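Peer 1: Protein chains in written order, with numbering that gives the first Met the number 0: chain A, 0 to 450; chain B, 0 to 326; chain C, 0 to 636. Even for Gly, the Cβ is constructed at its ideal location relative to N, Cα and C. If you're wondering where the values come from, they're calculated on a predicted model, not measured in any experiment.
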Amino acid sequence: MKRFRSVVILLFAFALIVAACSDDEGDSGEATTTTAGESTETTAAASLEGTAVTVFGPESSDNEAGAMQDALNIFAEANGMTITYTGARDFSDQINAQAAGGNPPDIAVFPQPGKVIDFGTQGFILPIPAELVDFSRPQWPGGTLETVSALDEVWALPNKTDLKSVVWYNSQIFADGGYTVPTTLDDLWALSTQMIADGVTPWCVGIESGPATGWAFTDWMEDVTLRLQGPDFYDQWVANEVTFDDERVQEIGQTIIDIWNTPGNTFAAGGTIAATPFGDNGEPLANGDCAMHRQASFFAAFFPEGTTVGPGQQIDTFYFPSADDTRPVLTAGTYVSAFRDAPEVWAVMQYLTSAEYSTERQRAQAARVGGGANSGYLSANLQQDLSVYNDLEKFFVETLQNADPARFDASDLMPAAVGAGSFWTEGTSAVNGDKTVADAFAAIQASWPSS
Amino acid sequence: MTTDTTPRAEPEWGVQEVQPLTGRVAGFLRGIPSWILWFLVIVWTVPTLGLFINSFRSRDAQRGSGWWLFFQDAERYGTGLTLDNYRDVLGSEATGGVANGLLNSMAIAVVATIIPIAIAAFAAYAFAWIDFRGRDGLFIFTVALLAVPTQVSLIPLLQMYAGGAHITLPLIDKTLTIFPDLDLAGTIPAVWLTHTGFALPFAIFLLHNYISGLPSDLFESARIDGADHFTIFRKIVLPLSVPVLAAFTIFQFLWTWNDYLIALTMIGGNRQNLPATVVVASLAGEFGLREELLTAGAFVITVVPLIVFFALQRFFVRGITAGSVKG
Amino acid sequence: MDGLFDNRLVITIVGVVAALGISAIVFVGANRLFDLAPRKWSIFSALIGGGSALAFFGLLWGNRLINQPVTTTIVATIIGAAAGYALSLTSDPRLHLGIGALAGAVLGGLIGATLKTSTRPEFDPVALVVGVVVGLAIGFGIWAVRGRTASVTRVALFWGALGWVFGAFLVPDLGGGDQAWAVIAATIGGALFGAWVGTFPNPDANARREIALGSRKYIFLTPALAFIAMTLIIPLIRTGFLSLQSGPPVDLSFTGLTNYADIFTDPTILNLENWTNMFTSQLFWAGVVVLIIGIVVARISGQRTGEGFGINGGSLSALAFGVILLGFAFFAVMRGTISNNLWWIFAVTLFSTGAGLAVAVLADRSRGETIAKSFIFMPMAISFVGAGIIWRFMYIARPETKEQTGVLNSIWVQIGKWSASNTASIIIALILAVIVAGILYIGWTGRQARRSSVVAGAIVAALPLIWLIYRFLGPGIGGVEIVDGVAVASPIFFLTESPFNNFWMMVVFIWIQTGFAMVIFSAAIKGVPADLTEAAGIDGASESQVFWRITVPSIAPTIGVVTTTLIVTVLKVFDIPKVMTNGNFDTQVLANEMWQRAFTELDFGLGSALAFILFLGVLPVMWINIRRMQRQREAVR
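#1: Is there contact here, the region 588 to 605 of chain C with the region 236 to 248 of chain C, by at least three beta-carbon pairs under 8 Å?
#2: Looking at chain A, is there any beta carbon in it that lies within less than 7 Å of the beta carbon of G162(B)?
#3: Can the beta-carbon of D105(A) be found less than 7 Å from the beta-carbon of R360(A)?
#4: With respect to the beta strand (DSSP E) encompassing I395(C), which residues constitute its N-terminal and C-terminal limits?
#5: Alpha carbon to alpha carbon, what distance is there between A297(B) and V384(C)?
#6: S281(B) touches chain C at which residues, Cβ-Cβ below 7 Å?
#7: Within 7 Å of any Cβ in chain B, is that where the Cβ of S449(A) sits?
#8: Would you verify that the beta carbon of F70(B) is, or is not, closer than 7 Å to some beta carbon of chain D?
#9: Can you have a look at L618(C) and say buried or exposed, based on whether 16 or more other CB atoms are within 10 angstroms of its CB?
#10: Using the Cα positions of W503(C) and R406(A), report the straight-line distance between them to the nearest angstrom.
#11: Whole angstroms are fine: how far does the CA of T242(A) sit from the CA of A442(A)?
#12: For D250(C), which residues from the same chain have a beta carbon less than 6 Å from its beta carbon, with the 5 sequence-adjacent residues on both sides left out?
#13: Assuming V154(C) contacts F139(C) (C-beta within less than 8 Å), just tell me the rounded distance between them.
#14: What are the start and end residues of each continuous alpha helix (DSSP H) run of 4 or more residues lying completely inside the region 136 to 221 of chain B, in chain order?
#15: Three-state secondary structure (DSSP) at T183(A)?
#16: Measure the Cβ-Cβ separation of G79(C) and G107(C) and say whether it is below 7 Å.
#17: Compute the distance between the beta-carbons of V182(C) and A112(C), then report whether it is under 7 Å.
#18: For S60(A), would you say it is in contact with chain B, using Cβ-to-Cβ distances shorter than 7 Å as the test?
#19: In the DSSP assignment, what residue or residues form a beta bridge with D433(A)?
#20: Just to check my reading of the structure: N380(A) and A363(A) have Cβ atoms closer than 8 Å, yes? What is that Cβ distance to the nearest angstrom?
#21: M377(C) versus chain B: which residues are under 9 Å apart at the beta carbon?
#22: So, helix, strand or coil for S336(A), using DSSP?
#23: Which residues mark the beginning and the end of the alpha helix (DSSP H) in which Y440(C) is found?
#24: Residues of chain B with CB under 9 Å from P104(A), in chain order?
#25: Is any beta-carbon of chain B found at less than 7 Å from that of L53(C)?
#26: Tell me, which residues are paired with Q244(C) by DSSP?
#27: Over what stretch of residues does the alpha helix (DSSP H) that includes F374(C) continue unbroken?
#28: Taking the C-alpha atoms as reference points, what is the distance between L82(B) and L293(B)?
#29: Keeping to the same chain, check which residues put their C-beta closer than 7 Å to that of A198(B); ignore five residues upstream and five downstream.
#30: For the region 209 to 220 of chain B and the region 236 to 256 of chain B, state whether three or more C-beta atom pairs, one from each stretch, are separated by less than 8 Å.
#31: Would you identify the three-state DSSP class for K393(A), choosing helix, strand or coil?
#32: For the region 531 to 617 of chain C, which segments carrying the alpha helix (DSSP H) assignment without a break, of at least 4 residues, lie completely within its bounds, in sequence order?
#33: Just by C-beta distance, which residues in the region 564 to 580 of chain C are closer than 8 Å to chain A?
#34: Counting C-beta neighbours from all protein chains within 10 Å, is the total for F327(C) 16 or more, i.e. buried, or is it exposed?
#35: Under DSSP, the beta strand (DSSP E) around R406(A) begins and ends at which residues?
#36: Report the neighbours of Q481(A) on chain C: residues whose CB is nearer than 7 Å to its CB, in chain order.
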């Protein structure tokens, strides 16, 4: 009988497991509506009390992710809700897996508008309701929302901006050599030549970045293309109407590589340009191994401890000059998209694109970095409070806001196979001399998805 | 001449007895193995030693000079050896914090080690000692699945955890749920199940190797005494297999503890559940900012598996012995 | 933070308890259950009846098909158990049939009554008739083929029931029918199945024992196979399907073998053009020379022992060295993802096995064995994130004008500087010459003692040193050049200079995997019976003879196991290329290529095709391995 009893207990346990496995009766309304449909509920008229929203993005370090969470907490506490931000280093691969696997976050922070468009046209993310588009549009410089528009819908809202058209320079070398900040592209090249003649190495260049090696080269390509061929050509190039094997595109690649390879022009802290981690350019610039380095606005964090950065300091910056009297600016940044159609999600979306967010995020991030140094965060939001930025950052924000015209980083707009693939890898081969520019760019063109 | 103790006939390599080497040369030759051994040990350790020393150095020092020059740091970079990296790693809060990550790793690794052992031991016994039709074919098939690259399973499994598994029956177009929608995506149990499935082919392979090598007379006498398979398994096989079970425990614990991809994919944006490997990798920013923290972070993660390894090492060696020698 | 801490601990403890508890319940419970079959048939029968009903209603419940699932399932379980018990009490066939049909009808009625509105079937007489007729036709077809042994009633009931369920529930649209028809249809279906169950007589004592015995393999294997099916087999099948499709993930279309054709025509994946370049490489000819030395030594020592070919330390090291050189010469000119993967297999398997075996042998019974082995094993405990950073510090390069911060380049550049300086290079050349002289002296004494292995070892060791002396005195080493009268040695760009950057990444993997090989070998060596080796020692065999004649053959199976495990692991290598170069600079491997296609570019078709190629590539290796294992097993028994 003892045996029988144990069997009964066993069956009972089994029944419990089955019961536990399917506790909720009926179909729970699945949260992840991936079909596109105009959302009926938009901004937060309803109470957000007790709701929860998850945000997933690429910024993961304590300063960035922490400041993002701080800024979100302000909104969450004001509305009695919880917002959780998770940052992961492999975000761009992971968001694909999570979306395809049916486990997307409520909101994703995309660094690549090209990906936003892909996700939008494939029906993974929701189109932004008209009210939110109208809310966001006047707050950001012209063209910001057009970058993430497709199929007559806007698929994401701007959240953060990086300025790419910046040259960092060693002011001691400029003072010693009597060099002045160039105002046209020709001046810049002339300055390089002059420096070489004076025995000063003008540029630090390094494009190694682990799995993303090559992106620093594509930035150069984009900035120079924007200046030499103009914004229309740039747009056609992004759309592959001007192909990579086009002579004009190849010529720009060749120009850059020729400049880099001019004897005496380049200091590569890793021995060769392709082997130099891009972050390792800060130390030689500060030490005077080279005079200038072209890199985005977030680069301030890569200088050795104790280096002063800002107008009139050891390291100063100037705008990467244009070829004519326009003022083209290459930008990058993040956009937020929604995967779930719910009032609390749209409310957080609205907050993430607002001037309040930009201000709070910068305030939090500057506090975390401390000492009035560059926070690493930047926003082109036109209505934000500029007093939370230091002088250098104010210069960056103004450059962004006065761009004429602004263009988003082309590699982030191109299909991932090119923009996060062959453009980096083949570009690196060309820089490294493994391939000629013609061969490398033909390979990039060949990798452009056919559909 | 130390070797001229025996007279030599002709200097040809005929069919002759080998002469033992004697004297100083022989002593030297005998010393070579231990030289080579310690040389290899040093070569194997230098990389880790470099990381260890660098984990106590500032970012500028890590970038600026080789780790073997650490004693010049205070002079060259203003900061000598420091615990700052460790302080920042342990004090970080983004991605849930390292302490939370370590607890998650523990929760993942412990359970993801126990489940496969429990399941695989039975299966390995069945493949080794229960005769049934198609056994060898089934065994070959099971072990051949070792070859499936884990990456191909990630998305289907995530889909299953997120929304259950349903098959649509062909022709009649009716959908049948074979795995209920338990909303497991983003939870630690999802990682357990995934690790379990991936571990089973190797676990069965290893345990089968060992269990099938146990002397068959043990089983014969037990059977004569009227023991059934379950009793044999419980009373004879399990106690004798403790070493190989411990061996598998170490391997599986190391793999699940150090896993990054499976945990990140199954947990995704649910940061309170992410394990330490993901948290530490996230310490560095998008563009490699604060990469110096990864040095200290790597050591913080490595402590636990090292403790496990040293604690179980004894069993480990014995465990593999019987299995692999019997083939 | 306290709550969080508790939370994690609770999860771990619950997980451990649940894991152990569920497996105990499943395994112990199932075994106990079937223990009952021979002894207490009535209880067994009741439990099986109740269990079957529970399982079936659980399936309906899990599919959300029935209302009031808790009550319904409990009631159904009780009815099932009662029916099972009742069936066991009588052996009258007609009563048996009746009890079965009755219980089946009640259970069917229960389903029909609780079926959700959305799942009630429409009444479709055509489907019903066709279903039953087709069912019976199939049933009797099989019956006829099988030799008409089974009872006609049983066949008719089973296949009739199946056809009925098919025609009543599966073919028609669901959600349109009324409850009355649902109850009728389910009752009839249930009664048919119940009657079929009733046609089976109660088994006699022998048959019961058979049931108890035969059940064990299922109990032991089912959980493992279920997990494997869930995590590996089903995704694998899905991958196979996906590999035949193309397009974005939401809009896939069948394109046949296009993806495979694309892969094999892509020159970055497979490029067979340059193999002739191999013959112009120094590596190739060096390999040929060393291989010839090895063959000669093997012949000589073989003559001495009377065997055709003498395998010993000297000849084998020369042969292995030659093969490695030839392999590297080959793979260095063969570019493309697939040849990269093959190079990985070749190098990692060879070096990890070799180094693992060497350490295991050398450490065996030497002082500090545990310490030495622990240090070699340590890389296995370090995550790939950690390994990536560690080797960055090893490989990093700095410009000629700066101090090198990477260990390897620091050494390399220092050697270069020495070789450029006259005094230093002469001193080093002299030191090397003394070492060479020593080695040659050892070789000479070895010749005196007729130990060809010593001679060959000496020659193989001396050759590279002589080459070094030449480089130091002659053209220099370490890529030195004289710039403005100062010797400048250029660093090696370990990760960016193709093709050998592939090898430098393999080094990382070798560093990790050697610990695995070592532990297994070390254990195997300890398993070699001591009396064998001691007996050989007494017979006057030298230590190296004992090793090659006794130890190696004894652990041959283990070498096979380690090699195949490594091949599989290496073929799937992903993390290191991903972390270190992400496939740039000609270092792409299949698994990373697949990851990039599927996860970065969302091209699941091509990614799946690559995964499938990977899987198919491993199959022959697994097959050979398992065949070998089986042969051994047969030999043992």
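Peer 2: To lay it out plainly:
#1: yes
#2: yes
#3: no
#4: Where I395(C) is concerned, there is no enclosing beta strand (DSSP E), given that its DSSP letter is neither H nor E.
#5: Cα-Cα distance, rounded: 7 Å.
#6: Within chain C, no residue comes near S281(B); the closest Cβ sits about 10 Å away, beyond 7 Å.
#7: no
#8: Of the chains in the structure shown, none is chain D; the protein chains are A, B and C.
#9: exposed
#10: Straight through space, the alpha carbons of R406(A) and W503(C) are spaced by roughly 40 Å.
#11: 11 Å
#12: none
#13: Their Cβ separation, rounded to whole angstroms, is 6 Å, which keeps V154(C) and F139(C) in contact under 8 Å.
#14: Runs of the alpha helix (DSSP H) lying entirely within the region 136 to 221 of chain B, each at least 4 residues long, are 150 to 162, 187 to 210 in chain order.
#15: strand
#16: Not closer than 7 Å, so no.
#17: Against a cut-off of 7 Å, the Cβ pair of A112(C) and V182(C) comes out as a contact.
#18: yes
#19: According to DSSP, D433(A) bridges with nothing at all.
#20: With 8 Å as the limit, N380(A) and A363(A) do not qualify as a contact, their Cβ atoms being about 15 Å apart.
#21: W43, T44, T47, T301, L305, F308
#22: strand
#23: 421 to 447
#24: In chain order: G267, G268, N269.
#25: no
#26: Checking the DSSP bridge columns, you'll see Q244(C) partnered with F253(C).
#27: 368 to 376
#28: 13 Å
#29: P115, Q251
#30: yes
#31: helix
#32: 542 to 545, 551 to 570, 574 to 579, 589 to 594
#33: K577, V578, M579, T580
#34: buried
#35: 405 to 407
#36: This structure gives no information on residue 481(A), because the portion of chain A shown stretches from 0 to 450.
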